[in-house]
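In what follows, a single structure is set out as C-alpha cells and then discussed.
In the working numbering, the protein residues as written are 347 to 475.
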C-alpha cells in the first residue's frame, strides 16, 4: 500500500509499506492491503509503518486520515518520524519548542520595530503643522 503523509510545517512522507497500525483516541486499528475505505481523525497518536522488517513510527498531533484504493493519506498539524515512539515524541516536542522560541524572537523584533517607528515619527514631528 502507498503512504502519503503531510503536515502544516512541511513534513512530507511518501512510502510503500506492507501494513500500518494506527493508535488514536478511540483505540488501535491495523490496515492491510485491500482494507475497506476508512476515514478517521487523530487528536494525538501514532502510525506504525511496517515494510518487511523495517519499522517507522509517525507521531501525530491533530490529523485526518483516509484510506481508500490501497492509499493511506494523512494530513496533520504536526508529525515527527523516528524508529521508536519515544524518539518521535522527543523530536516533535523539540521541534515545537524551537518554533515557539522563534515566534517569541519574532514578537520581540516586531515590538522593537514598533518602538523605533514611534520614535522616528516623534522626532520627525509627523502630524504636526
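Note that the Cβ used here is the ideal one computed from N, Cα and C, for glycine as well.
Which residues DSSP lists as bridging residue i, in chain order
i: residue 412; result: 385 and 419
i: residue 328; result: The question about residue 328 has no answer here: the residues shown for the chain are numbered 347 through 475.
Contact belief for residue i with residue j at Cβ below 8 Å, rounded distance in angstroms
i: residue 425; j: residue 351; result: 6 Å
Alpha-carbon to alpha-carbon, residue j and residue i
i: residue 362; j: residue 348; result: 5 Å
i: residue 374; j: residue 388; result: 11 Å
i: residue 358; j: residue 460; result: 37 Å
i: residue 408; j: residue 444; result: 19 Å
i: residue 379; j: residue 386; result: 18 Å
Neighbourhood of residue i by C-beta distance below 6 Å, restricted to the same chain and skipping five residues each side
i: residue 405; result: 392, 426, 434, 435 and 438
i: residue 377; result: 366 and 413
8 Å Cβ shell around residue i - same chain, five flanking residues per side excluded
i: residue 354; result: 422, 423 and 424
Local Cβ density within 10 Å of residue i, reported as buried at 16 or more and exposed below that
i: residue 366; result: buried
i: residue 395; result: buried
i: residue 413; result: buried
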